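Participant:
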Amino acid sequence: MPSSAPQPEQLHFSSDGRTPNSPHPVLVYRQLPLAGSDYASAFENLFNSHLWPAQWRAGVYDYHHFHSTAHEVLGVSRGSARLMLGGEQGQEVDVAAGDALVLPAGTGHCQLSASADFEVVGGYPVDQQYDLLRPDEGRHDEARARAEQVGVPVSDPVAGTQGALVALWRRE
Numbered sequence: 001m002p003s004s005a006p007q008p009e010q011l012h013f014s015s016d017g018r019t020p021n022s023p024h025p026v027l028v029y030r031q032l033p034l035a036g037s038d039y040a041s042a043f044e045n046l047f048n049s050h051l052w053p054a055q056w057r058a059g060v061y062d063y064h065h066f067h068s069t070a071h072e073v074l075g076v077s078r079g080s081a082r083l084m085l086g087g088e089q090g091q092e093v094d095v096a097a098g099d100a101l102v103l104p105a106g107t108g109h110c111q112l113s114a115s116a117d118f119e120v121v122g123g124y125p126v127d128q129q130y131d132l133l134r135p136d137e138g139r140h141d142e143a144r145a146r147a148e149q150v151g152v153p154v155s156d157p158v159a160g161t162q163g164a165l166v167a168l169w170r171r172e
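Numbering of the sequence shown is given in full-length UniProt numbering, commencing with residue 1 and proceeding in unit increments.
1. Here's a check: name, in chain order, each residue in its chain whose Cβ is nearer than 8 angstroms to the Cβ of serine 3, leaving out the five neighbours to either side.
2. What alpha helix (DSSP H) runs, 4 residues minimum, are completely inside the region 117-151?
3. Pull up the distance between the alpha-carbon of residue 178 and that of glutamine 89, whole angstroms please.
4. Cβ atoms of proline 125 and phenylalanine 66: under 9 angstroms apart, would you say?
5. Could I get the ranges of all uninterrupted beta strand (DSSP E) runs contained in the UniProt domain "Cupin type-1" (65-121), with 3 residues as the minimum, in chain order?
6. Taking the beta carbon of proline 25 as the centre, do at least 16 other beta carbons fall within 10 Å, making it buried, or is it exposed?
7. Helix, strand or coil for arginine 57 per DSSP?
8. Bridge partners of glycine 160, per DSSP?
9. Count Cβ pairs between the region 73-82 and the region 91-98 that sit closer than 8 angstroms; are there 3 or more?
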């Protein structure tokens, strides 16, 4: 990604007692200058080049969930959607083709609505394996402890080692 890559929006979420969230901000990159019309392949190449290998193409689950063992990047390759980030009492965010979201471990997310053609490319840092958990008061503390142990990646999945993630997440 060239140095002209847009700066991401930063969204901050704290624990709600059911979803741990993270002290690191969610990063939302808007309308990235992707090459060509095949955004899915462009996102896969971009994420792979920054050590966040793309692992799937699909939608976002329509129930609240989070990953306590890995950070996640979502590149919107087609369509548009309204997502809820930060858990059941979080913030609604509209996304469209060309946007990318970087979710730190523990961050709740859920698809509220989407266009029929909505698709995201999902990836995780090369050394991390994701789990899939739903908000739960009884398991919150152990999930939060796991999420807090997930290391900060060496690079931002969109902008590499000079990207916003590296600077923002390391100073948190």
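Here a beta-carbon is modelled for each residue, glycine too, at the ideal position from N, C-alpha and C. No experiment lies behind these values; they were computed from the predicted model shown.
Facilitator: In short, the structure shows the following:
1. Residue placement at serine 3 is flagged as unreliable, the pLDDT there being 47, under the threshold of 50; the coordinate-derived value follows with that caveat. Excluding positions up to five away in sequence, the list reads Gln162.
2. 140-149
3. As shown, the chain starts at 1 and ends at 172. That puts residue 178 outside it, with no answer to give.
4. Not in contact: phenylalanine 66 and proline 125 (Cβ atoms no closer than 9 angstroms).
5. 72-78, 80-85, 91-96, 100-103, 109-114
6. buried
7. strand
8. Asp156
9. yes
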